[in-house]
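One structure below.
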Amino acid sequence: MAANSFFGRDVISVRDLDRRGLEDVFGAAERVMAMPAAERREVARGRTLGYLFYEPSTRTRLSFQAAMASLGGSSLGISDVASSSASKGESLADTVRTLSIYADALVLRHPLDGSSRFAAEVSGKPVINGGSGTEEHPTQAVQDLFTMRREKGRIDGLTVGIIGDLKYGRTVYSLLRALGNYDVKVHLASPESLRIRSDSVYDIRKRLDFTESEQMDDRVGELDVLYVTRIQKERFPDEEEYIRVKGSYVVGLDVLRRMKKGAIILHPLPRLDEISPELDGTEQARYFRQAEYGMHVRAALLALILREEGV
Amino acid sequence: MRESELIVRRISEGTVIDHIDEGMGLRVLGALGIDGGDGGLTTVALNVPSGKFKKKDIIKIEDRFLADDDTNKLAVIAPRATVNIIRNYKLAEKRRVSLPNEIERIFRCSNPDCITNSGREHIESVMDVIDREVLALKCRYCGRILDVSGIGRAPAAAG
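Just so you know, the sequences run in chain order A and B. Under this note's numbering, read the first sequence as residues 3 to 313, first letter to last. Under this note's numbering, read the second sequence as residues 232 to 390, first letter to last.
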């Protein structure tokens, strides 16, 4: 096996992962998934993951904890900053430094852009970005691509449609950057006020072929993957603006019927009303499987970061 | 001797930054971290006549010899500046500023939600120069591209 380039390394941005790096994680995730539970529990036995969540989370934090437990390690951290010294005004830097004393690797979610890169500079242990502001959510992107690869058998050649909140959705920016490593076509659709930020896709445009419009309707039949995102109320500076655009997109059975055979629907979750629950049992709906893969992908990343020999 | 050279006195040892774009002299001082706090003599001349219709700013810093790393920071705010190192009243070295790969501290990230603007952390902004042709700068922390149109006149300087 080739040298493990992830050992001891931070995972801050999808920009830090080229195609080979992504494929290394996918390969590790496949191996972790295929391992008998007893063998898997030896991978990070005695190691500790520290988590620091300044924003709410269900899947990211729980999947990291579940991943660490599945590798035989343990987790400790702060999921409610109101209960920590951050509520007394302690800086992020000092909180990160402290947690890095007690843990072998850290995962951070924080409302400010660039927070993870800063944390990595002050931490004595590797830092994984678990979502930074509206900027990045790199492990979600790795999970999204892994899901496409598993469920569609490939990433190259796919046509991917992304709808919803493209302006504030950090998963979208990470996903676009990750897709830029592959030969894919991307169609983006959002209300005008929620278009992707041009200053955040400056480097993506050079590597990725994508179109932008307000509707996906005329493209639905071309898509291999429909990626739906939530309109994120908490990111809107103005509630009136949120009320104007909420419910702009609802994927229901009518959309499903127009999708081509074998097409799949993904969503980073949580969802509100943008995907009708009546779709959940259909063969196109793969978002809960996507959440399951998230746990394995994070286990793979942790194994690569914590063990020089990889997995 | 030209009029512009007579406006401020000659220095025996130190650095003269000449041909700074009109009105940018104070930003150059800020970028270099020169605030007079070290007790050294620094002379600033703003709006000095230069050529028939133009004006420029000049800064003379006595007993301090600025290195390339310092003066290259000026490439974005004063791209036409020349740096003259003076020893014993004579010009010992003359150089133009050239764009470095990264620029620390001078520009505040334009993204209000960037960690560098949090005000709570001990952190300086760092901009990576990602495109020399169109002068595109990217915040090393949040990755946002700094709007470079009219950057030289932007009032927001960090530090």
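C-beta atoms are modelled at their ideal positions from N, C-alpha and C, and glycine is treated no differently. Remember, it's a predicted structure, so these values are computed and weren't measured experimentally.
Under the DSSP assignment, residue 280(B) falls in the beta strand (DSSP E) whose first and last residues are 273-281. It is roughly 42 Å from the alpha-carbon of residue 345(B) to the alpha-carbon of residue 259(A). A buried status is given to residue 270(A), since no fewer than 16 other beta-carbon atoms sit within 10 Å of its beta-carbon. Burial check for residue 290(A): the Cβ neighbour count within 10 Å stays below 16, so the residue is exposed. Under the DSSP assignment, residue 256(A) falls in the alpha helix (DSSP H) whose first and last residues are 255-260. Pairing residue 168(A) with residue 342(B), the inter-Cα distance amounts to about 17 Å.
Shown here, residue 328(B) sits in coil according to DSSP, grouped into three states, outside any helix or strand.
Taking CB atoms only, residue 374(B) has a neighbour in chain A less than 8 Å away.
Judged by beta-carbon spacing, residue 286(A) lies beyond the 8 Å limit of residue 146(A), meaning their Cβ atoms are not closer than that value. By the Cβ rule, the stretch 308-324 of chain B does not count as touching the stretch 264-284 of chain B, because fewer than three pairs are nearer than 8 Å.
Taking the C-beta atoms as reference points, residue 109(A) is found no nearer than 8 Å to residue 73(A). Interface with chain B (8 Å Cβ-Cβ cutoff): residue 290(A) is excluded. At a C-beta separation below 7 Å, residue 120(A) has these neighbours in chain B: 346, 352, 354 and 372. By the C-beta criterion, the stretch 274-283 of chain A is judged to be in contact with the stretch 221-237 of chain A, since at least 3 inter-stretch pairs fall below 8 Å. Taking a beta-carbon distance threshold of 8 Å, residue 161(A) does not count as an interface residue toward chain B.
The CB of residue 342(B) comes closer than 7 Å to the CB of 115 in chain A, given here in chain order. The C-alpha of residue 63(A) is placed about 23 Å away from the C-alpha of residue 23(A). The closest CA to that of residue 282(A), considering only 25(A), 294(A), 295(A) and 267(A), is found on 267(A). Assigned with DSSP and collapsed to three states, residue 315(B) falls in strand. At least one CB of chain B lies nearer than 8 Å to the CB of residue 135(A). Around the beta carbon of residue 134(A), 16 or more other beta carbons sit within 10 angstroms, so the residue counts as buried.
Around residue 241(B), the same chain offers 320 as residues with beta carbons nearer than 7 Å, after the five sequence neighbours per side are excluded.
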